[in-house]
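Take -10 as the starting number for the sequence shown in the numbering used here and just add one per residue.
To start, the structure under review is shown below, and the notes come after it.
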Amino acid sequence: MRKLMYVCLAVAGIVLAGCNRKGTLPEGICHISGTIPADYNGKRIFLVPLYGPQTAEYVDSMEVKDGQFEFTKDTVMMAKILMDYHYRMGVQQLLVITEPGEVEVVIDSISSAKGTPQNDSLQKWKDATEQHNRVMGQLRRVKKTAEADSLHIAYKRFSRQLAANMQEGLLHDFLNNMFPQTYKQKMPDGTIVTMDADTHEPVE
């Protein structure tokens, strides 16, 4: 009976410790926990800012151990997770947003991230992008230009709508910059005309 009580107490202690770890992430901190195939044990993996300086002062790195890695950031930025350039074959670099919260990352031939609002939305966009690129490749191989153009416009509109749904934030700005609704074009007479980014016709 006493032995059973000790076992129950030990199990309870483990459960409580796990809950406490989840609840003790300091405010404003992003904790990225990742997995990667064990083939990469002992190799270095990097968290690199997407914009701005990419020197040692701004780049984080760590050694992969037991197929796992983690990063902690106290600043919100868009960043890439990628392996040392000697060992990038076979693993896909991953775009993440270091917003506060727990972010779970998988680095593999197809990489993914989840856990915070912007990273969940970013993953939806990444999945749509992967599908778009696959189908676009198929259509171009068989020279179905009209279908490819229609698919690309639908993809751009999906990306804009995703940005609109978020209203603000790094992902909102990133998608708006990538997929503007209009652009400026200089005409032969020197005038500047606003053009529709999908139809490439002047906006009235």
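Where a beta carbon is used, it is the ideal one built from N, C-alpha and C, also for glycine.
In this text, all values refer to a predicted model and were calculated from it rather than measured experimentally.
- Between Glu91 and Gly104, the gap from beta carbon to beta carbon is short of 9 Å.
- Straight through space, the alpha carbons of Ala27 and Phe168 are spaced by roughly 37 Å.
- Within the same chain, Gly17, Ile18 come within 7 Å of Asp63 by CB-CB distance, once the 5 residues on both sides are set aside.
- Ala143 and Ala135 have their C-alpha atoms spaced approximately 12 Å apart.
- Comparing C-alpha distances from Arg146 to each of Met176, Thr180, Ile181, Asp185 shows the shortest one belongs to Asp185.
- Comparing alpha carbon positions, the residue from Ser139, Glu52, His20 closest to Arg33 is Glu52.
- With fewer than 16 other CB atoms across the displayed protein chains lying within 10 angstroms of its CB, Thr44 is exposed.
- Cβ-Cβ distances below 8 Å link Asp55 to Ala27, Asn30 in the same chain, with the five nearest sequence neighbours on each side left out; the list follows chain order.
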